Amino acid sequence: MIDIFSIDRRAAMAQIAALLGTASLPVEAFASPAAEAKGLLTAARLATLSAIADTVIPATDTPGAVGAAVPQQIDRMLASWASVDTRVRVTGVIADIDALALKAKGRGFAALDAGARQSLLLPYDRDSLAPDTTAVVKSSGVLGILLPPPVVNPGWLTLKGLVLSLYYISEIGMTQEQVYEHVPGAWVPSLKITPGMRPYASGGLF
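Structure follows, in structure tokens:
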């Protein structure tokens, strides 16, 4: 998998394309989703996806994934750009997490409070991202470089990767969660690190 601490925005966009199961994406695929944009998910499934995204990147002193419209963008990408396999995997994961919440809490994932969502998603994340030692790696070339090693639940890896990647290349992610500095700009050879300092977005994704 690409080192996410050193990639630039173009590499991040290439990785999103790989997660969607396609070789490349046009620039318009990354545009902010319009209110009338047609997605793949039902309203109930989109609510579950929004709750998942909000659990992965919640709002703190800056907007989270929901504030950056990441769920709507994933929904639109699934409808317009994702491969059939990716659609099946991601929609399956959303349904699985909802079913897990219904079994454990008696309510859908979107109906749970933040603490209950996190208590369910943390072990799900840990178990899903365990290495799959039985998998046969078939990807080669560009996809072989961009995609991570096989895990037990590749659908969750794809969905979580889309949430993180789309958030950190969004306007909110790059200008509020991180510090945006226009380049070229003034050269500062040494910066004092303070507790409230945020990472810079100009040189990489994170």
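To convert, note that position 84 of the sequence shown is 84 in the UniProt record's numbering; the numbers rise steadily by one, no gaps. Where is the CB? At the ideal position from N, CA and C, for every residue including glycine. Model, not experiment: these values are computed from the prediction.
- For Leu112, no alpha helix (DSSP H) encloses it, and the DSSP letter there is neither H nor E.
- Distance between Pro189 and Gln15, taken at the CA atoms: about 32 Å.
- Note: Val151 is bridge-paired with Pro131 in the DSSP secondary-structure output.
- Under the DSSP assignment, Thr86 falls in the alpha helix (DSSP H) whose first and last residues are 84 to 105.
- Relative to the Cα of Leu46, the nearest Cα in the group Pro123, Ile94, Ser170, Gln178 belongs to Ile94.
- Under the DSSP assignment, Ile52 falls in the alpha helix (DSSP H) whose first and last residues are 43 to 56.
- The stretch 159 to 171 and the stretch 98 to 115 do not touch, with fewer than three beta-carbon pairs separated by less than 8 Å.
- Around the Cβ of Ala99, a 10 Å sphere holds fewer than 16 other Cβ atoms; the residue is exposed.
- Just so you know, the alpha carbons of Ala51 and Ala110 end up roughly 5 Å apart.
- Inclusion of Val163 and Ile97 in the CB contact set at 8 Å is not warranted, their separation being larger than that value.
- Within the same chain, Ile52, Thr55, Val56, Ile97 come within 8 Å of Leu121 by CB-CB distance, once the 5 residues on both sides are set aside.
- The three-state secondary structure of Val188, taken from DSSP, is coil.
- Thr48 and Gly108 do touch by the CB rule: their CB atoms are close to 7 Å apart, below 8 Å.
- Under the three-state reduction of DSSP output, Val66 falls in the coil class, being neither helix nor strand.
- Within the same chain, Val93, Tyr124, Asp125, Ser128, Leu129 come within 8 Å of Trp156 by CB-CB distance, once the 5 residues on both sides are set aside.
- By the 16-neighbour rule on beta-carbons within 10 angstroms, Glu177 is buried.
- A distance of 8 Å or more separates the beta carbons of Ala68 and Ile193.
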